[in-house]
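**Student:**
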Amino acid sequence: RVPPGAFACPASAAFSHAGLGDKNGSRGLSYEDFSMWCNEEAPLLPRVLATAMQAIVFGAAGLDAPVGFKGFALPLFDEDSRVASAAGLFWLAASEREVEGALLRRLYASYADGLSFPRLTELTAGWGGPTLFLVRETPTRRDPTPQEILNPKADIETPLEAASFGMYTATPWKERNGVYGDARSFVFRIAPDVRIMRPRASRGAGAFATQYLNTRSHALPHGLGLGARVSDDNSTATFRMFFPDSLEGCTAPAADRHFAPGALSVRDAFGLDVLEVWGVASDARAVAAALEAQAAAKADRDRAIDRARKVDKAAFLGSDFDRG
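When you line the sequence shown up against the numbering used here, it's residues 69 to 392, in that order.
#1: Looking at Y280 and V247, is the spacing between their C-beta atoms short of 8 Å?
#2: Taking its Cβ as the centre, do 16 or more other Cβ atoms sit within 10 Å of G93, making it buried, or is it exposed?
#3: Only counting the same chain, and skipping five residues up and downstream in sequence, which positions put a Cβ closer than 7 Å to that of P207?
#4: In this structure, does DSSP put W159 in helix, strand or coil?
#5: What number of angstroms, rounded off, separates the C-alpha of F185 from the C-alpha of D313?
#6: Does the Cβ of T263 have 16 or more other Cβ atoms within 10 Å, making it buried, or fewer, making it exposed?
#7: Using C-beta distances below 7 Å, list every residue in its chain close to R268, excluding the 5 sequence neighbours before and after it, in chain order.
#8: Quick one: is G136 buried, meaning 16 or more other Cβ sit within 10 Å of its Cβ, or exposed?
#9: If I measure Cβ to Cβ from L359 and keep anything under 6 Å in the same chain, skipping five residues before and after, which residues do I get?
#10: Looking only at its chain, what residues have a beta carbon closer than 7 Å to the beta carbon of L113, apart from the 5 residues adjacent to it on each side?
#11: At which residues does the alpha helix (DSSP H) containing D101 begin and terminate?
#12: Does the beta-carbon of A277 have 16 or more other beta-carbons within 10 angstroms, so that it is buried, or is it exposed?
#13: Could you compute how far the alpha carbon of G317 sits from the alpha carbon of E205?
#14: Taking only three categories from DSSP, how would you classify R377?
#15: How about A322 and G194: do their beta carbons lie closer than 8 Å?
#16: Once DSSP output is grouped into helix, strand and coil, what is the label at S299?
#17: Give me the Cα-Cα distance between R353 and V345, rounded to the nearest whole angstrom.
#18: Give the DSSP-derived three-state secondary structure of A273 in the structure shown.
#19: With respect to the beta strand (DSSP E) encompassing Y236, which residues constitute its N-terminal and C-terminal limits?
#20: Please name the residue or residues paired with T199 in a DSSP beta bridge.
#21: If we call anything under 8 Å between Cβ atoms a contact, is E168 one with A141?
#22: Report buried or exposed for P143, applying the criterion of at least 16 other Cβ atoms within 10 angstroms of its Cβ.
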């Protein structure tokens with residue numbers, strides 16, 4: 069069921085960021101433009117209209133929906149979110165089939181689990197399904213305009229600004245030597261306006277492999293990100309959204325080679341006020357399967373760590389220092 073507030077979101081902002089409008093520059097929107105925008109950016113929006121009509125026609129008469137009718141539904145959180153809003157959820161659900169009507173299980177929250185990268189990766193890695201990262205950045209003051217700077221009477225203590233944004237990752241998080249993933253991942257902004265930036269057209273094999281998690285290799289940055297581009301010699305890496313292992317100086321530039329352009333944070337670098345990670349599942353059975361996969365992945369990591377410790381211990385006991 070779509071709550072009333074879901075339709076109060078800044079739809080005009082979403083349309084304008086999608087480049088909609090007629091050729092004369094008026095505020096009108098042609099059917100062709102709207103249809104094209106729906107197909108590309110909000111493929112489930114027609115289902116919203118069908119659900120509304122079903123509620124009007126059948127609900128008012130106290131009748132059940134037609135057999136086989138599948139209405140539009142917002143995702144359901146298992147815990148309260150401090151970042152998501154009804155408006156933002158509406159557009160995310162209208163844009164992504166795996167989010168619409170999904171069960172969202174909270175895997176990590178900075179206010180509950182601590183602002184800690186080890187905790188973030190421990191609780192997120194291995195979840196056997198898609199994940200939804202939600203960020204509310206630390207407010208910062210807007211840069212003064214040239215007019216404000218030149219006006220001696222102006223109060224140039226500019227207002228605080230902050231955005232809420234995130235990323236949807238389609239494949240489970242895992243430690244890899246490089247990037248991985250597919251074309252279903254995307255980045256988005258849900259406040260103060262709505263923007264959904266999907267992958268650009270393919271540019272060859274591996275173009276959509278943009279997920280990145282590295283805590284071991286010292287040749288590349290330690291951290292977690294999306295939109296990763298690693299140089300051929302593994303000497304540098306750039307990201308559309310990146311969380312370093314310090315969780316300080318996170319970055320989200322407005323453009324990269326993988327996703328459509330559009331601002332996420334107020335500035336390219338941002339501080340974390342709130343960070344949430346949600347596991348996405350279609351139903352309770354999928355939640356159980358994803359948790360089972362996560363437990364198996366953790367067991368594999370624990371065994372690998374235990375083997376490494378035994379090797380290190382054996383090497384130490386056989387060293388010249390030990391024999392001396």
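Ideal Cβ positions, reconstructed from N, Cα and C, are used throughout, including at glycine.
**Tutor:** Answer, in terms of the structure:
#1: Position 179 of the sequence shown, counted from the first residue, corresponds to residue 247. Position 212 of the sequence shown, counted from the first residue, corresponds to residue 280. Cβ atoms of V247 and Y280: closer than 8 Å.
#2: Within the sequence shown, the letter at position 25 stands for residue 93. The predicted model places G93 with a pLDDT of 48, which falls under 50 and marks its position as unreliable, so this point remains unresolved.
#3: For the purposes of this step, residue 207 is taken as residue 139 along the sequence shown, with counting starting at 1. The answer, listed in chain order, is L228, E229 and A230.
#4: As a working note, residue 159 is residue 91 in the sequence shown. Here W159 sits in helix by DSSP.
#5: As a first step, residue 185 must be located in the sequence shown, where it is residue number 117. As a first step, residue 313 must be located in the sequence shown, where it is residue number 245. The straight-line gap from Cα to Cα measures roughly 5 Å.
#6: On the sequence shown, position 195 is the one that residue 263 refers to. Per the sequence presented here, residue 263 reads as Arg, with Thr not at that position. Buried, because 16 or more other Cβ atoms sit within 10 Å of the Cβ of R263.
#7: Counting from one through the sequence shown, the residue named residue 268 turns up at place 200. Scanning its chain for C-beta atoms nearer than 7 Å, with the 5 sequence neighbours on each side dropped, one finds around R268 the residues H326, F327 and A328, in chain order.
#8: The residue you call residue 136 lines up with position 68 of the sequence shown. With fewer than 16 other Cβ atoms within 10 Å, it is exposed.
#9: Locating residue 359 in the sequence shown gives position 291, counting from the first residue. Excluding sequence neighbours, L359 sits near nothing in its chain.
#10: If you number the sequence shown from 1, residue 113 lands on position 45. Within the same chain, L113 has close Cβ partners C106 and A162.
#11: Position 33 of the sequence shown, counted from the start, is the residue given in the question as residue 101. Element bounds for D101: Y99 to E109.
#12: Position 209 of the sequence shown, counted from the first residue, corresponds to residue 277. A277 is buried by the Cβ-count criterion.
#13: Sequence index remark: in the sequence shown, residue 317 carries index 249 (1-based). Sequence index remark: in the sequence shown, residue 205 carries index 137 (1-based). Straight across, the Cα-Cα distance linking G317 with E205 is about 11 Å.
#14: Translated into positions along the sequence shown, residue 377 becomes position 309. Secondary structure of R377 (DSSP, three-state): helix.
#15: As a first step, residue 322 must be located in the sequence shown, where it is residue number 254. As a first step, residue 194 must be located in the sequence shown, where it is residue number 126. No, Cβ-Cβ distance for A322 and G194 is not below 8 Å.
#16: On the sequence shown, position 231 is the one that residue 299 refers to. Here S299 sits in coil by DSSP.
#17: Here residue 353 corresponds to residue number 285 of the sequence shown, with the count starting at 1. Here residue 345 corresponds to residue number 277 of the sequence shown, with the count starting at 1. The C-alpha of V345 is placed about 20 Å away from the C-alpha of R353.
#18: Sequence index remark: in the sequence shown, residue 273 carries index 205 (1-based). The pLDDT assigned to A273 is 48, lower than 50, so where the model puts this residue is not dependable; a value taken from the coordinates is nonetheless given after this. Here A273 carries a coil assignment [DSSP, helix/strand/coil].
#19: Counted from its first residue, the sequence shown places residue 236 at position 168. It spans S232 to T237 - the beta strand (DSSP E) in which Y236 sits, taken as one unbroken run.
#20: Within the sequence shown, the letter at position 131 stands for residue 199. In DSSP, T199 forms a bridge with T237 and G347.
#21: As a working mapping, residue 168 is identified with position 100 in the sequence shown. As a working mapping, residue 141 is identified with position 73 in the sequence shown. In contact: E168 and A141 (Cβ atoms closer than 8 Å).
#22: Sequence index remark: in the sequence shown, residue 143 carries index 75 (1-based). With 16 or more other Cβ atoms within 10 Å, it is buried.
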